[in-house]
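Quick note: the sequence shown, position 311, residue 311 per the UniProt record's numbering, numbers continuous.
Glycine included, each C-beta is placed from N, C-alpha and C at the ideal position.
Presented below is the structure to which this report refers.
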Amino acid sequence: MRIGIIGAGIGGLTAAILLERLGHSVEVLEKRHVLKQEGVGLGIGENAIRALERYDIAEDIKRDGNILIEAQLRDANDTYLNRVIFNKDGEDNITIQRSSLHNILRYHYKGNVRLIKEVVKITDFDAGTIKMNDGTSNQYDLIIAADGLHSQVRRQMFPGSEAKYQGYTCFRGTSVNPGLNDKTALEYWDARGRFGIVPLGDNEVYWFLCINALERDTEFRNYNLKKLKRYFKEFPHAVTNVLDNTVGDPLHHDIYDIEPLKTFVKGRVVLLGDAAHAATPNMGQGALQAIEDAVCLVNQLEQYPLKEALANYDRLSVPHTKKVILKSRKIGKAAQSESQLFIQLRNKVVKNIPEYVLNKQTEFLNRRPLN
Numbered sequence: 001m002r003i004g005i006i007g008a009g010i011g012g013l014t015a016a017i018l019l020e021r022l023g024h025s026v027e028v029l030e031k032r033h034v035l036k037q038e039g040v041g042l043g044i045g046e047n048a049i050r051a052l053e054r055y056d057i058a059e060d061i062k063r064d065g066n067i068l069i070e071a072q073l074r075d076a077n078d079t080y081l082n083r084v085i086f087n088k089d090g091e092d093n094i095t096i097q098r099s100s101l102h103n104i105l106r107y108h109y110k111g112n113v114r115l116i117k118e119v120v121k122i123t124d125f126d127a128g129t130i131k132m133n134d135g136t137s138n139q140y141d142l143i144i145a146a147d148g149l150h151s152q153v154r155r156q157m158f159p160g161s162e163a164k165y166q167g168y169t170c171f172r173g174t175s176v177n178p179g180l181n182d183k184t185a186l187e188y189w190d191a192r193g194r195f196g197i198v199p200l201g202d203n204e205v206y207w208f209l210c211i212n213a214l215e216r217d218t219e220f221r222n223y224n225l226k227k228l229k230r231y232f233k234e235f236p237h238a239v240t241n242v243l244d245n246t247v248g249d250p251l252h253h254d255i256y257d258i259e260p261l262k263t264f265v266k267g268r269v270v271l272l273g274d275a276a277h278a279a280t281p282n283m284g285q286g287a288l289q290a291i292e293d294a295v296c297l298v299n300q301l302e303q304y305p306l307k308e309a310l311a312n313y314d315r316l317s318v319p320h321t322k323k324v325i326l327k328s329r330k331i332g333k334a335a336q337s338e339s340q341l342f343i344q345l346r347n348k349v350v351k352n353i354p355e356y357v358l359n360k361q362t363e364f365l366n367r368r369p370l371n
């Protein structure tokens, strides 16, 4: 088949690699003229790592990444609340720099990425026709839209599916030599905001912080590292030390998700990754789900005719990703609460949840069916 993939991010490139190896003619379309991934670190769970082992990509990710053992939740007084344990079954949960993962995928994809100004619209979903803003049209047997949170293709397929602001804004950065355990992620919850620290190995961590704010809040758009240090100066030493050792300027973006879709398919067009099911980052599933989408879709295309393959992809993907969107949104609302009464109750409940129960609640993340 001749396949067009819109978006050269993690999901788009993963799909391109796997489809290319099956012998399909693949063209990746990307509107950024510099193929540089903005971002810091990310996590890739055991389900995705397992799936990529067939394609000789997993070893490269393990080589450049860091194996995470646990994630601890604490309050702003550094009081331990609870933890999620990874690697219980001998499987790897990997953290890695986003740029490193992107470089690995670019290495494994042997085709070209066609740089375009913009995909104007899909003029015929059943025929698989794309019209560019220069007036030219391309036709494909299959179009995979991996064009992210603000997907133009999704909005054309499903009017009203715009991204929805969730009430908080996020800063992210990378810190060097903070002197922390490289197998334990930390997250601190407080009425003033949330601060997470995730080790990348080699004495490097990525961090994120979330603060309640208006959408496109001008106050926080002007925040720099100095102001963030002042804002979080009363947090535990691990937080202030990470900020003190931060390299470069933090990245800043508001937090959005989308309402769960009933289908990711229309004619010869299929949505993948954030374009299909963008969730808040509270469960760290963005990159993982994009990879899983690509593997799941290619598994179906390898075994079934196109129409049946796309129906199977829908059946295997829509229920799981809906659950992630809704659960992640719920976690965000609880974590971002500013009510002291609610916070006291929340922390007490979290602290008294048995570890095995907490781990059971997140187990479904690594049990998504891909075939």
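- CA-to-CA, the gap between Ala15 and Leu310 works out to about 14 Å.
- When Cβ pairs closer than 8 Å are counted between the two stretches, the stretch 165 to 179 is seen to touch the stretch 243 to 250, the count reaching three or more.
- Taking C-alpha positions only, Lys351 is separated from Asn212 by approximately 24 Å.
- Looking at the DSSP output, Asn66 bridges to Thr95.
- For Arg54, there is no enclosing alpha helix (DSSP H), as DSSP gives it neither H nor E.
- With fewer than 16 other Cβ atoms from the protein chains shown falling within 10 Å of its own Cβ, Asn177 counts as exposed.
- Spatial neighbours of Ser317 in its own chain (CB-CB distance under 7 Å, excluding positions within 5 residues in sequence) are listed in chain order as Phe264, Asp293 and Cys296.
- With 16 or more other Cβ atoms from the protein chains shown falling within 10 Å of its own Cβ, His277 counts as buried.
- If you ignore the 5 residues before and after Gly7, its C-beta comes within less than 6 Å of the C-beta of Ala146 and Asp147, all in its own chain and listed in chain order.
- In the DSSP secondary-structure assignment, Val198 is bridged to Tyr206.
- With distances taken between CA atoms, Thr240 lies nearest to Leu180 out of Leu180, Leu306 and Ile69.
- A straight-line Cα-Cα distance of about 7 Å links Ser339 and Ala191.
- Asn133 and Lys31 have their C-alpha atoms roughly 11 Å apart.
- Of the residues Glu215, Leu115, Lys348 and Asp244, the one whose Cα lies closest to the Cα of Lys227 is Asp244.
- In this structure, Ser337 sits away from Thr280, with a CB-CB distance that is not shorter than 8 Å.
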